[in-house]
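Chemist: Just passing along the structure, written as structure tokens.
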Amino acid sequence: MSNAIIPLLLDSLASAALIFFAAVGLTLVFSVLRVLNVAHGSLYSIGGYVAASICLFITSRQLNPYLSFVALLFSAVFVAAIFGPLIERSLVRWTYGKSEAVQILITFGLFLILEDLQRVTFGVQSFYEDAPMRLLGTLNVGGVVYLNYQIFLIGMALFVVIGLRLLINHTRLGRLITAVVTDREMAQSIGIDTNRIFILAFSLGVFLAALGGALATPTSGIAPGLGADTMVLAFAVAAIGGLGQIEGAAVASLIVGVARVLAIYLVPSLDAVAPYAAMLVVLLIRPYGLFGSVTARRI
Amino acid sequence: MRTIVAASAVLILAVLPVAAPWLQFVLTVAIAKGFAALGVAVLLRAGLISIGHAMFFAASAYGVAFLARAGINDLGLLLILSVLVAALVGAIAGMFLVRYRAIFFAMLNLAVSMVFYALCAKLYGVTGGTDGLPVPIPAVFGIAVGEPVFKSVLFYLSLALMLLVGLAVQRYLNSPLGHALSAVHSNEIRLEYLGIPVWTVLLIAYVISAALAGLGGAIAGFAIGRVVPDFAFWTASGHLVLIAVLGGIGGVPGAFLGALFLELLHSAAVTVTDAWNLIVGMTLIIVIMFLPQGFYGLFSRKEASSL
């Protein structure tokens, strides 16, 4: 049993890292904009498609293979720079202050549009490009061969958690964001350009989603339907952690990652049930999530 | 005037398959989805958005498949039993879910329906996994019929049910219980002060909406001849909310208007383009932005409920 624990742990962590990227952007956007973006999963898969296309191009031209790591990052920045401001300005902005039903439906409409745009642009065949994973090679842990790329994923996730914490607590932008989250009207009345904060926060959310998609492509490839699958997982993680809680999303991805890996090892037929079952149990006991706070009912 | 419009609309629907036989399947599925969307619309009147109602749609279709396998072979009996199955699932889930509001209600419905979806897809021995289960052709009032006859019977039965159930739901929405439902949306706490038990009001609405979704699921199962886990996937639930909102939640006809519009548009669009969801997504956004009362708002004289 003891030599099964380390691979089990590494598997859980790597699985958690990938889910975390998808969920953290969703929860960040919710905390600043108060909008649940149902199209978030599509931005994740668009990031994956762009990264896979660029990596395939690099391989076909026989350029320096290490460029593919740059490509992963670049594709996330590229997707965020194009889709972030565009979506926030055109659609999401219109839903501020409207009911949850309107917000969910508008972003659901966007989800349908983005899913079809991907199908038209990238076709229905699946993309598979594992150059970045092969470059990093393998590691032998207790007789079990392990991919270094998965350790790289865990490192990236930690980097994002710490980076976001530093950004929010120790930079000017972070304090402006905190002010807007705490009291939007007050922030506006003391002269904070809330529109700019909304664009930046939304684009940051898109960046994190696209980065997650880009980083996931080398391990699992990308195919139509990934956006819809990722969306519910991200949703489950964000809800477990408490919508709007970044550390909550990190802890929740660990819970979901462990639940999934345990299910795969113990009851393989139920691996897909595990994340949602975890979400259901947590939400029934604490509907506002593990780290969320209760809000008073309005009269 | 409105009665005449409604009556002529139903007449046109009844005659259409005679003129164009291929429309019969499209219209049957549209009416089935209309029932489910009506269920979603009932809850939307209380301001509750459920992204999980495809679960009841699928539960009832699976119910038909299981009951048929157990030897029950009558259309009427199968419809009644499967709607009861959906209502029972709705009562159990509803007891927990109607305590929550807004985004939490949406998320919990999603969570429950995704557990259901994953179980349907994974329990291969029971549900046939992603292959799903066949829904056989039952006898109609004890008479064994062939497939073409059965499909016609199913269509006209759905049409009749649309009228009967539609009127019943209209009565419900206009009753004190139905008005209490809309009042939950406007001000729940005042409703409590008036001594109206909000939990009970919502639970009744939830069971009704689950039964409606179940009726739609059973009809769709019969029309398609197979039930697959994708019936319960979250995007299917999203589509039901979409239909309800396109049609408008102000009145019962809205849900069916939305479903007919969407299914007919679908049949027309597939011949031209395969970017079907693109069209639907844009239509949805445009309707929400410019027509918050949905298509029903175009016909309704008085101020209809909107989102």
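Quick note, the sequences are listed as chains L and S, same order.
The numbering of the first sequence is the working numbering, which starts it at -3 and goes up by one.
The numbering of the second sequence is the working numbering, which starts it at 268 and goes up by one.
Virtual Cβ for every residue (Gly too), placed ideally from N, Cα, C.
Just so you know, these numbers come straight off a predicted model, no measurement behind them.
(1) So PHE539 (chain S) contacts chain L; which residues on that side make the cut at Cβ distance below 8 Å?
(2) Please go through the same chain and pick out, in chain order, the residues whose beta-carbon is closer than 6 Å to the beta-carbon of THR55 (chain L), but skip the five residues on each side of it.
(3) Taking the alpha helix (DSSP H) that TYR473 (chain S) belongs to, which residues open and close that run?
(4) Taking the C-alpha atoms as reference points, what is the distance between ALA292 (chain L) and LEU229 (chain L)?
(5) How should GLN121 (chain L) be labelled, buried or exposed, when 16 other C-beta atoms within 10 angstroms of its C-beta is the threshold for buried?
(6) Do we get a CB-CB distance below 7 Å when we pair MET381 (chain S) with the residues of chain L?
(7) When you compare the CB of TYR272 (chain L) with every CB in chain S, is at least one pair closer than 7 Å?
(8) Buried or exposed for TRP501 (chain S), going by 16 or more other Cβ atoms inside 10 Å?
(9) Identify, in the order they occur along the chain, each residue of the same chain with its Cβ nearer than 7 Å to the Cβ of VAL177 (chain L), setting aside the five sequence neighbours on each side.
(10) Once DSSP output is grouped into helix, strand and coil, what is the label at GLY564 (chain S)?
(11) Considering just the uninterrupted stretch of the alpha helix (DSSP H) at VAL296 (chain S), what are its terminal residues?
(12) Going by other Cβ atoms of all chains shown within 10 Å of its Cβ, with 16 needed for buried, is TYR62 (chain L) buried or exposed?
(13) Please decide whether ASN217 (chain S) counts as near chain L, where near means a Cβ-Cβ distance under 7 Å.
(14) Spell out the partners DSSP gives ASP341 (chain S) in its beta bridges.
(15) Can you find a C-beta in chain S that's less than 7 Å from the C-beta of ASP225 (chain L)?
(16) Are any of the Cβ atoms in chain S nearer than 7 Å to that of PHE104 (chain L)?
(17) Counting pairs of beta carbons, one from the stretch 459 to 470 of chain S and one from the stretch 336 to 354 of chain S, are three or more of them closer than 8 Å?
(18) Opposite PHE123 (chain L) in the DSSP bridges: which residues?
(19) On the CB-based measure, 16 or more other CB atoms within 10 Å of its CB, does PRO283 (chain L) come out buried or exposed?
(20) Kindly list the residues whose CB is nearer than 6 Å to the CB of LEU315 (chain S), restricted to its own chain and excluding five residues on each side of it in sequence; keep chain order.
(21) Nearest to THR215 (chain L) by CA position, among L:LEU14, L:LEU6, L:LEU9 and L:SER8, is which residue?
(22) Using a Cβ-Cβ cut-off of less than 9 Å, give me the residues of the stretch 110 to 121 of chain L that come near chain S, in sequence order.
(23) Going along chain S in order, which residues have a C-beta closer than 8 Å to the C-beta of PRO220 (chain L)?
(24) Would you identify the three-state DSSP class for GLY59 (chain L), choosing helix, strand or coil?
(25) Measure how close the beta-carbons of LEU529 (chain S) and LEU513 (chain S) come, nearest whole angstrom, since I'm counting them as under 8 Å.
(26) Mapping DSSP to helix, strand and coil, what is VAL494 (chain S)?
(27) Near LEU266 (chain L), which residues of its chain fall below 7 Å by C-beta distance, leaving aside the five closest residues on each side in sequence?
(28) Quick check on DSSP: helix, strand or coil for ARG293 (chain L)?
(29) Between ILE552 (chain S) and chain L, is any beta-carbon pair separated by less than 7 Å?
(30) Can you find the residues in the same chain that come closer than 8 Å, C-beta to C-beta, to VAL257 (chain L), ignoring five residues on each side of it along the sequence?
(31) Step through the CB atoms of chain L and report whether any lies within less than 7 Å of the CB of LEU545 (chain S).
(32) With which residues is PRO401 (chain S) paired in a DSSP beta bridge?
(33) Quick one: does ALA48 (chain L) have its CB under 7 Å from some CB of chain S?
(34) State the Cα-Cα distance for the pair GLY105 (chain L) and ALA385 (chain S), rounded to the nearest angstrom.
(35) Please classify VAL365 (chain S): does DSSP put it in a helix, a strand, or coil?
(36) What residue range is occupied by the uninterrupted alpha helix (DSSP H) comprising TYR261 (chain L)?
Modeler: In this structure, then:
(1) Along the second sequence, read from residue 1 onward, the residue named residue 539 (chain S) stands at position 272. Here residue 539 (chain S) is Val; the residue named in the question, Phe, does not match the sequence. Here the premise fails: no neighbours, minimum Cβ distance about 14 Å.
(2) In the first sequence, counting from the first residue as 1, residue 55 (chain L) sits at position 59. Cβ within range, chain order: ALA127.
(3) Taking the first residue of the second sequence as 1, we reach residue 473 (chain S) at position 206. Per DSSP, TYR473 (chain S) belongs to the alpha helix (DSSP H) from 465 to 491.
(4) Position 296 of the first sequence, counting from 1, holds the residue named residue 292 (chain L). Position 233 of the first sequence, counting from 1, holds the residue named residue 229 (chain L). For ALA292 (chain L), the predicted structure reports a pLDDT of 44, less than 50, and the residue's modelled location is therefore unreliable. The matter cannot be settled from this model.
(5) Translated into positions along the first sequence, residue 121 (chain L) becomes position 125. Label assigned to GLN121 (chain L): exposed.
(6) As a position in the second sequence, residue 381 (chain S) is number 114, starting the count at 1. Chain L places a beta carbon closer than 7 Å to that of MET381 (chain S), counting this residue as a contact.
(7) Residue 272 (chain L) sits at position 276 when you count from the first residue of the first sequence. For TYR272 (chain L), the answer is yes, since a Cβ of chain S falls inside 7 Å of its Cβ.
(8) Stepping through the second sequence from its first residue, residue 501 (chain S) is reached at position 234. Residue burial annotation: TRP501 (chain S) is buried, with at least 16 other C-beta atoms found within 10 angstroms of its C-beta.
(9) One-based indexing of the first sequence puts residue 177 (chain L) at position 181. Only SER27 and VAL28 meet the Cβ criterion.
(10) One-based indexing of the second sequence puts residue 564 (chain S) at position 297. Here DSSP, grouped into helix, strand and coil, assigns GLY564 (chain S) to helix.
(11) Taking the second sequence and counting its residues from 1, the one referred to as residue 296 (chain S) is at position 29. It spans 290 to 312 - the alpha helix (DSSP H) in which VAL296 (chain S) sits, taken as one unbroken run.
(12) Here residue 62 (chain L) is taken as the residue at index 66 of the first sequence, counted from 1. The residue is exposed, with fewer than 16 neighbouring Cβ atoms inside 10 Å.
(13) Missing from the structure shown is residue 217 (chain S); chain S here goes from 268 to 574 and no further.
(14) Taking the second sequence and counting its residues from 1, the one referred to as residue 341 (chain S) is at position 74. For ASP341 (chain S), which the question treats as bridged, DSSP gives the partners S:ALA406.
(15) Within the first sequence, numbered from 1, the residue matching residue 225 (chain L) stands at position 229. It does not: the Cβ of ASP225 (chain L) has no partner Cβ on chain S nearer than 7 Å.
(16) Residue mapping note: residue 104 (chain L) aligns to position 108 of the first sequence, counting from 1. By this cut-off, PHE104 (chain L) is an interface position.
(17) No, because fewer than three Cβ pairs between the stretch 459 to 470 of chain S and the stretch 336 to 354 of chain S fall closer than 8 Å, the two stretches do not touch.
(18) Taking the first residue of the first sequence as position 1, residue 123 (chain L) is located at position 127. Partner(s): L:ILE218.
(19) One-based indexing of the first sequence puts residue 283 (chain L) at position 287. Classification for PRO283 (chain L): buried.
(20) Within the second sequence, the letter at position 48 stands for residue 315 (chain S). Answer for LEU315 (chain S): PHE372, listed in chain order.
(21) As a position in the first sequence, residue 215 (chain L) is number 219, starting the count at 1. The residue with the shortest Cα to Cα distance from THR215 (chain L) is L:LEU14.
(22) The stretch 110 to 121 of chain L vs chain S, Cβ under 9 Å: LEU110, GLU111, ASP112, LEU113, ARG115 and VAL116.
(23) Counting from 1 along the first sequence, the entry for residue 220 (chain L) is found at position 224. None at all; the shortest Cβ gap to chain S is about 11 Å.
(24) The residue you call residue 59 (chain L) lines up with position 63 of the first sequence. It is Leu, not Gly, that sits at residue 59 (chain L) in the sequence shown. DSSP places LEU59 (chain L) in coil when its eight states are reduced to three.
(25) Here residue 529 (chain S) is taken as the residue at index 262 of the second sequence, counted from 1. Here residue 513 (chain S) is taken as the residue at index 246 of the second sequence, counted from 1. Their Cβ separation, rounded to whole angstroms, is 7 Å, which keeps LEU529 (chain S) and LEU513 (chain S) in contact under 8 Å.
(26) As a first step, residue 494 (chain S) is located in the second sequence; it is residue number 227 there, counting from the start. Residue state for VAL494 (chain S) is assigned as strand, using DSSP reduced to three classes.
(27) The residue you call residue 266 (chain L) lines up with position 270 of the first sequence. By the criterion of a C-beta distance shorter than 7 Å, LEU266 (chain L) is surrounded in its chain by ALA259, once the five residues flanking it on both sides are discounted.
(28) Taking the first residue of the first sequence as 1, we reach residue 293 (chain L) at position 297. Bear in mind that a pLDDT of 44 at ARG293 (chain L), under 50, signals an unreliable position, so the model cannot answer this.
(29) Counted from its first residue, the second sequence places residue 552 (chain S) at position 285. By this cut-off, ILE552 (chain S) is an interface position.
(30) Against the first sequence, residue 257 (chain L) aligns to sequence position 261. For VAL257 (chain L), same chain residues with a beta-carbon under 8 Å away, outside a window of 5 residues either side, are LEU4, ASP7, SER8 and SER11 in chain order.
(31) For the purposes of this step, residue 545 (chain S) is identified with residue 278 of the second sequence, where counting begins at 1. So yes, LEU545 (chain S) belongs to the interface.
(32) Position 134 of the second sequence holds residue 401 (chain S). According to the DSSP secondary-structure assignment, PRO401 (chain S) is paired through a beta bridge with S:ARG493.
(33) Looking up residue 48 (chain L) in the first sequence gives position 52. The beta carbon of ALA48 (chain L) sits no closer than 7 Å to any beta carbon of chain S.
(34) Here residue 105 (chain L) is taken as the residue at index 109 of the first sequence, counted from 1. Here residue 385 (chain S) is taken as the residue at index 118 of the second sequence, counted from 1. If you draw a straight line from the Cα of GLY105 (chain L) to the Cα of ALA385 (chain S), it is about 24 Å long.
(35) As a first step, residue 365 (chain S) is located in the second sequence; it is residue number 98 there, counting from the start. Of the three classes helix, strand and coil, the one that applies to VAL365 (chain S) here is coil, per DSSP.
(36) Here the question's residue 261 (chain L) lines up with position 265 in the first sequence. 242 to 262 is the extent of the alpha helix (DSSP H) around TYR261 (chain L).
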